[in-house]
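What follows is a short report on a single structure.
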């Protein structure tokens, strides 16, 4: 997806994003509550969107921790900035960048992709860059759509619909990470609708 196509898409969605996404972006809150984050740690949310995840991440790392929130859409970052200002989250830094080419000032203890990896065409570069921005022993956590192979016909229709919305569902990122990681924990959720993956490189 080109920069202009992406921005046009999210310009239409930004104002209704928080109202509409809970109907199909399942398990975000549960995943966020269970993240292995401690006070004073550093976390990066890749594809932070409107900042839905920020309240959980700020609570996890505390006032002396650091939260980076990265997105390449001005429209989505505008909504995230509103949340930050309303809640006075002084330890949150917004980053306007693509997932493939940012560099953090401080390496992260945890990097999160929450329903964002499937929207990144060059997902391999995004994952490699995440690895570069993690501390030694840092963790990568991904929550996203799974291949849903148990319901092949339904998945084929679903996959085509998601493609229209710039989402590419594939198990290739999981295969790639399994080869690269020292620790690999894959949890298939909701009968294959989505998955959570925890990785240590």
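Numbering (this note's numbering), first residue to last: 51 to 251. All C-beta atoms in this analysis are idealised placements derived from N, C-alpha and C, irrespective of residue type, glycine included. Remember, it's a predicted structure, so these values are computed and weren't measured experimentally.
Quick check: the Cα distance between residue 73 and residue 114, rounded to an integer number of angstroms? Residue confidence for residue 73 is low, a pLDDT of 44 falling below 50, so the modelled location carries little weight and cannot support an answer.
Just to confirm before moving on: does the CB-CB distance between residue 94 and residue 151 stay below 8 Å? no
Can you grab the Cα-Cα spacing for the pair residue 166 / residue 180, in whole Å? 13 Å
State the CB to CB distance for the pair residue 249 and residue 187, rounded to an integer number of angstroms; the pair is presumed to be in contact (CB under 8 Å). In fact, because the Cβ distance is near 12 Å, the residues do not count as touching under 8 Å.
Could you give the residue range of the alpha helix (DSSP H) that holds residue 230? 222 to 230
As assigned by DSSP and simplified to three states, the class of residue 4: One cannot answer for residue 4 here, as it falls past the ends of the chain, which runs 51 to 251.
Helix, strand or coil for residue 132, going by three-state DSSP, please let me know. helix
Output yes if chain D places a C-beta closer than 8 Å to the C-beta of residue 153; else output no. Of the protein chains in the structure, only one exists, and it is not chain D.
Taking 8 Å as the limit between beta carbons, can you name the residues of its chain near residue 97, skipping five residues before and five after? 120, 121, 149, 163, 164, 165, 166, 167, 169 and 170
Supposed contact pair residue 116 and residue 86 - C-beta distance, whole angstroms, cut 8 Å: Residue 86 to residue 116, Cβ: 16 Å. No contact.
What's the C-alpha gap between residue 145 and residue 107? 16 Å
How about residue 161 and residue 196: do their beta carbons lie closer than 8 Å? no
Top-ranked residue by Cα proximity to residue 245, from 154, 192 and 130: 192
Beta-bridge pairing of residue 104 - partner residues as DSSP gives them: In DSSP, residue 104 forms no bridge with anything.
Throw me the rounded Cβ distance for the residue 223 and residue 177 pair, which I believe falls under 8 Å. 7 Å
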